[in-house]
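Report on the structure given below.
4 protein chains.
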Amino acid sequence: MAKLQKSIDKRNALIKATIELVNNNGFHAAPMSKIAKMANVSPATIYLYFENKQDLVNKTYIEVKAKYTQYAFATYNDRLTVEEGFEAIWKRIADFKCKDSENAMFLAQCDNTPIIDETSRQEGIKHLQPLLDLWERGKSKGIIKPISNYILYAYTINPLSFLMMADKRNGFQLDKTHIEMAYQAAWDSIRVN
Amino acid sequence: MAKLQKSIDKRNALIKATIELVNNNGFHAAPMSKIAKMANVSPATIYLYFENKQDLVNKTYIEVKAKYTQYAFATYNDRLTVEEGFEAIWKRIADFKCKDSENAMFLAQCDNTPIIDETSRQEGIKHLQPLLDLWERGKSKGIIKPISNYILYAYTINPLSFLMMADKRNGFQLDKTHIEMAYQAAWDSIRVN
Amino acid sequence: MAKLQKSIDKRNALIKATIELVNNNGFHAAPMSKIAKMANVSPATIYLYFENKQDLVNKTYIEVKAKYTQYAFATYNDRLTVEEGFEAIWKRIADFKCKDSENAMFLAQCDNTPIIDETSRQEGIKHLQPLLDLWERGKSKGIIKPISNYILYAYTINPLSFLMMADKRNGFQLDKTHIEMAYQAAWDSIRVN
Amino acid sequence: MAKLQKSIDKRNALIKATIELVNNNGFHAAPMSKIAKMANVSPATIYLYFENKQDLVNKTYIEVKAKYTQYAFATYNDRLTVEEGFEAIWKRIADFKCKDSENAMFLAQCDNTPIIDETSRQEGIKHLQPLLDLWERGKSKGIIKPISNYILYAYTINPLSFLMMADKRNGFQLDKTHIEMAYQAAWDSIRVN
DNA sequence: CATGAATGAGTGTTCATTCAT
DNA sequence: AATGAATGAACACTCATTCAT
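Protein chains in written order, with our numbering: chain A, 1 to 193; chain B, 194 to 386; chain C, 387 to 579; chain D, 580 to 772.
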């Protein structure tokens with residue numbers, strides 16, 4: 001029991017270290033040796049928990065994505081109206097991007113990069129289903145435009161990554177007011193007017 | 194003159210090679226030696242044209258971004274109405290993402306990554322000014338929502354990167370119909386009701 | 387008693403695993419971890435039975451060499467004539483190389499390699515004494531050439547290793563007929579004609 | 580020209596270092612770093628001359644084997660009688676084992692080991708053809724026993740490796756007298772009495 | 001201007017061995 | 001007696017960069 005606990009701690013420490021290093025300097029500046037050092041572990045120990053670097057990165061991605069979706073849907077249930085449901089999910093995601101920016105930034109870095117292999121990417125997306133279901137409901141009720149989910153995602157959720165990065169990098173502040181405006185833009189872009 | 198011409202050719206070849214390699218396997222799979230080989234040049238020659246790898250990547254980014262903005266504004270002039278102007282620019286950008294996907298994918302990979310340094314990033318954004326001016330015009334005329342340009346960008350232009358990647362990676366097809374739908378979403382998200 | 391029995395089983399399993407792995411890919415592909423796995427034992431357990439890897443390899447060598455000499459002399463007794471005795475031993479050794487090729491191959495790999503330390507090598511040779519005695523008898527009776535035992539060994543026994551490897555690796559078949567021819571060559575090379 | 584010369588020097592130094600290290604402590608104690616150091620070269624430089632460690636070892640083997648066969652046949656021509664020819668070749672090989680023991684020991688270590696891949700092994704054997712031709716001549720003239728070349732090799736040439744190792748390791752002295760005795764044994768083993 | 005050869009520092013990974021349990 | 005987890009040191013190999021030519 002104690003052994004197992006310790007193991008999970010190390011695994012977590014490794015994943016945390018990976019996220020931290022990747023966030024600070026990008027994937028190309030996150031060597032195994034540094035990850036090990038930051039997790040207070042020998043480089044060899046990493047390979048007790050992960051097959052290789054690719055696996056470590058994939059697993060980290062999947063784990064973070066799981067946290068993300070879990071957070072996103074925590075307040076949602078399908079008895080909400082389409083608009084209520086959408087707002088609930090969207091705001092939770094916005095919240096995640098603001099409050100858990102470590103994880104959010106890591107996910108953003110994974111977005112357009114071939115570092116995560118396709119299998120893990122699919123695995124990561126899997127838990128987004130409730131949102132897709134909500135959209136289908138909205139479409140059939142004539143509330144949401146009858147367009148591809150890819151477009152719906154591109155115009156509602158994805159912009160939040162950009163805004164979070166702008167907040168981190170440039171002068172932009174992703175505060176309450178801006179989030180409200182962003183939500184309005186998101187909803188306006190997909191609702192049937 | 195002939196010498197200079199030759200030089201520009203080599204520089205271009207190097208930039209082209211960088212883009213190609215980064216597109217195929219990401220930044221971590223684009224070593225200087227491969228870039229040199231693909232450009233039919235000695236590794237040492239790269240350092241006649243660029244200070245180091247960081248510089249090569251930065252310059253490549255700036256160059257590609259310049260092509261991108263040049264293409265974006267080619268049909269635009271400020272005598273167009275706000276909506277006409279916006280549509281003109283947006284559609285050109287969409288066009289670029291479809292037709293020059295080599296360059297577009299490279300830019301997408303640079304988006305959320307710390308590989309490009311902040312200075313070069315600013316340099317790349319510089320030429321986007323006409324779009325910002327257009328938005329200001331739209332805002333003052335009450336046509337476009339009075340919100341931060343970051344949000345306007347996030348909800349109109351940025352989604353196109355996501356859709357292009359979806360087209361490259363997943364089943365999604367960024368064709369005429371989808372582009373039209375995306376444009377509608379973009380415009381709906383920022384126009385005053 | 388049960389405990390002790392179990393221990394011997396484990397020791398044997400470890401030695402067997404060592405032989406098997408070394409045979410398959412050579413010494414450099416027989417790490418302790420794989421040996422442990424193949425013997426269904428923890429890596430740490432190896433160190434209860436052997437001091438270190440060198441010791442494991444040495445002991446394996448000695449053990450296999452012991453089996454080899456035991457087999458070689460099983461049908462021999464010193465009341466046989468010199469030629470009968472030589473044939474008996476030689477044919478047993480040839481038999482061993484054919485039938486117990488696992489062990490024979492392992493010994494062959496140890497032959498010209500510095501992996502086995504000199505002490506263990508001497509230890510392994512020790513049981514060959516009856517053959518040396520036979521040779522001395524043959525020499526004193528004028529039946530066997532009065533030459534160094536090293537040469538006698540080199541020209542009678544050692545060639546069998548080469549032929550066995552040729553059988554394993556190349557097209558050569560070390561069958562009944564070839565063994566008979568080899569025996570004739572061996573005997574011809576050392577007998578006083 | 581100077582450049583090319585220097586390159587060949589380095590290649591030779593690397594091969595020499597490989598032989599030396601393998602001879603001293605076996606293959607498992609010849610890491611690339613030590614080979615590089617012994618050749619006064621950076622580890623990275625090895626990879627300018629050889630694809631990888633396997634390639635380095637293979638090429639070293641082929642090169643040494645070539646020197647060996649070249650030396651073996653230097654005094655031979657097919658106008659010699661079968662016995663003269665055999666003695667010429669055999670004695671040259673014995674000579675090689677004595678005088679160029681560095682190379683000879685390296686070859687001995689390669690003999691029963693899977694470190695050299697089969698292709699390189701075949702490549703190494705290729706130049707032995709004149710000996711095989713001589714044997715065929717001897718067989719057709721009824722001078723040499725009509726038996727497999729594998730057996731002829733096992734009982735004439737191969738014992739020399741054993742004797743050389745005995746000379747290096749144990750008390751045995753592979754001197755003139757012993758060589759003469761060994762030759763007699765070799766010839767007796769294959770000649771038609 | 002252009003290069004091929006060269007490299008020190010670093011990469012991901014494996015290994016023989018140890019230790020707390 | 002037996003172990004799974006852990007590790008420092010080493011391994012084969014690669015990289016961005018330099019330099020003599």
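By construction, the Cβ of each residue, glycine as well, lies at the ideal position given by its N, Cα and C atoms.
Supposed close pair B:E213, B:M231 - CB separation, criterion 8 Å: As a position in the second sequence, residue 213 of chain B is number 20, starting the count at 1. As a position in the second sequence, residue 231 of chain B is number 38, starting the count at 1. Right, the Cβ-Cβ distance comes to about 7 Å (below 8 Å), so this counts as a contact.
Indicate the three-state DSSP secondary structure (helix, strand or coil) for D:I736 in the structure shown. For this step, residue 736 of chain D is matched to residue 157 along the fourth sequence. Coil, per DSSP.
Host alpha helix (DSSP H) of C:F492 (start-end): The residue labelled residue 492 of chain C in the question sits at position 106 within the third sequence. Its alpha helix (DSSP H) spans residues 487-497.
Which of the three DSSP states is assigned to C:I529 in this structure? The residue labelled residue 529 of chain C in the question sits at position 143 within the third sequence. Reduced to three states, the DSSP call for C:I529 is coil.
Would you give the residue range spanned by the alpha helix (DSSP H) that B:H221 belongs to? On the second sequence, position 28 is the one that residue 221 of chain B refers to. It is not in any alpha helix (DSSP H) - B:H221 carries neither H nor E in the DSSP assignment.
Would you grab the beta carbon distance between B:S382 and A:S189 for me? Rounded to a whole angstrom, and I think it's under 8 Å. Numbered from 1 along the second sequence, position 189 holds the residue referred to as residue 382 of chain B. Numbered from 1 along the first sequence, position 189 holds the residue referred to as residue 189 of chain A. The pair is a contact, with the Cβ atoms about 4 Å apart (cut-off 8 Å).
Within 10 angstroms of the Cβ of B:G278, are there 16 or more other Cβ atoms? Answer buried if so, exposed if not. For this step, residue 278 of chain B is matched to residue 85 along the second sequence. Under this definition B:G278 is a buried residue.
Chain B contacts made by the region 15-33 of chain A, where a contact means CB separation under 7 Å: N25, G26, F27, H28
Between the region 743-758 of chain D and chain C, which residues of the former have CB atoms less than 8 Å from a CB of the latter, in chain order? M744, A745, R748, N749, F751, H757
Which residues of chain D have a Cβ atom closer than 9 Å to the Cβ of C:Q515, listed in chain order? Here the question's residue 515 of chain C lines up with position 129 in the third sequence. Under the 9 Å cutoff, chain D gives no residues; its nearest Cβ is about 15 Å from C:Q515.
For A:Y155, return the contacting residues in chain B, with the cut-off set at a CB-CB distance below 8 Å. As a working note, residue 155 of chain A is residue 155 in the first sequence. Y348, P352, A375, A378, A379, S382, listed in chain order.
Count the other CB atoms within 10 Å of the CB of B:I372; is the residue buried (16 or more) or exposed (fewer)? The sequence position of residue 372 of chain B within the second sequence is 179, counting from 1. It counts as buried.
Is there at least one Cβ from chain B nearer than 8 Å to A:P43's Cβ? Working through the first sequence from its first residue, we reach residue 43 of chain A at position 43. Answer no: the Cβ-Cβ gap between A:P43 and chain B never drops below 8 Å.
Please report the straight-line C-alpha distance between A:Y76 and A:D95, rounded to a whole angstrom. The residue labelled residue 76 of chain A in the question sits at position 76 within the first sequence. The residue labelled residue 95 of chain A in the question sits at position 95 within the first sequence. The straight-line gap from Cα to Cα measures roughly 14 Å.
Is the CB of D:Q688 under 8 Å away from at least one CB in chain C? Mapped onto the fourth sequence, residue 688 of chain D falls at position 109. True, the Cβ-Cβ gap to chain C drops below 8 Å.
How would you call B:I286, buried or exposed, if buried means at least 16 neighbouring beta carbons within 10 angstroms? Indexing the second sequence from 1 puts residue 286 of chain B at position 93. Buried, by the Cβ-count rule.
Beta-carbon neighbours of B:I337, restricted to chain A and to distances below 8 Å: As a position in the second sequence, residue 337 of chain B is number 144, starting the count at 1. The contacting residues do not exist; B:I337 stays about 11 Å from chain A at best.
What does C:I421 touch in chain D if you count any residue whose Cβ is under 9 Å from its own? Within the third sequence, the letter at position 35 stands for residue 421 of chain C. Result: empty, since nearest Cβ-Cβ is about 15 Å, beyond 9 Å.
Following the continuous alpha helix (DSSP H) through B:V257, name the residue where it begins and the one where it ends. As a position in the second sequence, residue 257 of chain B is number 64, starting the count at 1. B:V257 -> alpha helix (DSSP H) spans 246-266.
Note down the Cα distance separating D:I704 from D:F741, rounded to an integer number of angstroms. Residue numbering aside, residue 704 of chain D sits at position 125 when the fourth sequence is read from its first letter. Residue numbering aside, residue 741 of chain D sits at position 162 when the fourth sequence is read from its first letter. Rounded to the nearest angstrom, the two C-alpha atoms are 19 Å apart.
Closer than 7 Å by beta-carbon distance: list the chain A residues that pair up with B:N251, in chain order. Taking the second sequence and counting its residues from 1, one reaches residue 251 of chain B at position 58. Residues of chain A passing the Cβ test: none, with the nearest at roughly 14 Å.
Leaving out five residues on either side along the sequence, give the residues of the same chain with a beta carbon under 6 Å from the beta carbon of B:M194. Against the second sequence, residue 194 of chain B aligns to sequence position 1. Its pLDDT being 40, under 50, B:M194 is placed unreliably by the model, and the measurement read from it follows with that caveat. No residues qualify anywhere along the chain.
Is C:F436 close to chain D? Criterion is C-beta to C-beta, closer than 8 Å. The residue given as residue 436 of chain C occupies position 50 in the third sequence. Judged by the 8 Å Cβ criterion, C:F436 is not in contact with chain D.
Looking at the strands, I want to know which residues DSSP matches up with D:R748. If you number the fourth sequence from 1, residue 748 of chain D lands on position 169. Answer is none; D:R748 lacks a bridge partner.
Using a Cβ-Cβ cut-off of 8 Å, state whether A:F73 counts as contacting chain B. Locating residue 73 of chain A in the first sequence gives position 73, where the first residue counts as 1. Not an interface residue.
So D:P727 contacts chain C; which residues on that side make the cut at Cβ distance below 7 Å? Indexing the fourth sequence from 1 puts residue 727 of chain D at position 148. The sequence shown places Ser at residue 727 of chain D, not Pro. Simply F558, H564.
How would you write the range of the alpha helix (DSSP H) that B:I372 sits in, first residue to last? As a working note, residue 372 of chain B is residue 179 in the second sequence. From DSSP, the alpha helix (DSSP H) with B:I372 extends over 369-383.
With 8 Å set as the bound, which would you pick, yes or no: does the beta-carbon of B:T306 sit closer than that to a beta-carbon of chain A? Counting from one through the second sequence, the residue named residue 306 of chain B turns up at place 113. Yes, B:T306 lies at the interface with chain A (some Cβ there is under 8 Å from its Cβ).
Closer than 8 Å at the beta carbon, the chain B residues around A:N193: For the purposes of this step, residue 193 of chain A is identified with residue 193 of the first sequence, where counting begins at 1. Per Cβ cutoff of 8 Å: D381, N386.
So D:F675 contacts chain C; which residues on that side make the cut at Cβ distance below 7 Å? Working through the fourth sequence from its first residue, we reach residue 675 of chain D at position 96. Under the 7 Å cutoff, chain C gives no residues; its nearest Cβ is about 16 Å from D:F675.
Coarse secondary structure for A:V41, derived from DSSP in three states: Taking the first residue of the first sequence as position 1, residue 41 of chain A is located at position 41. Residue state, collapsed to three classes: coil.
Closest Cβ-Cβ distance between B:I344 and chain A: below 8 Å? Residue mapping note: residue 344 of chain B aligns to position 151 of the second sequence, counting from 1. True, the Cβ-Cβ gap to chain A drops below 8 Å.
Examine chain A for any beta-carbon lying closer than 8 Å to the beta-carbon of B:K203, and answer yes or no. Taking the first residue of the second sequence as position 1, residue 203 of chain B is located at position 10. Cβ-Cβ to chain A under 8 Å: no for B:K203.
Looking only at its own chain, which residues have a Cβ that is under 7 Å from the Cβ of C:I502, when we skip the five neighbours before and after it? Translated into the one-based positions of the third sequence, residue 502 of chain C becomes position 116. The residues are V443, N444, Y447, C496.
Check this for me: beta carbons of D:G717 and D:I726, under 8 Å apart or not? Working through the fourth sequence from its first residue, we reach residue 717 of chain D at position 138. Working through the fourth sequence from its first residue, we reach residue 726 of chain D at position 147. No. Outside cutoff.
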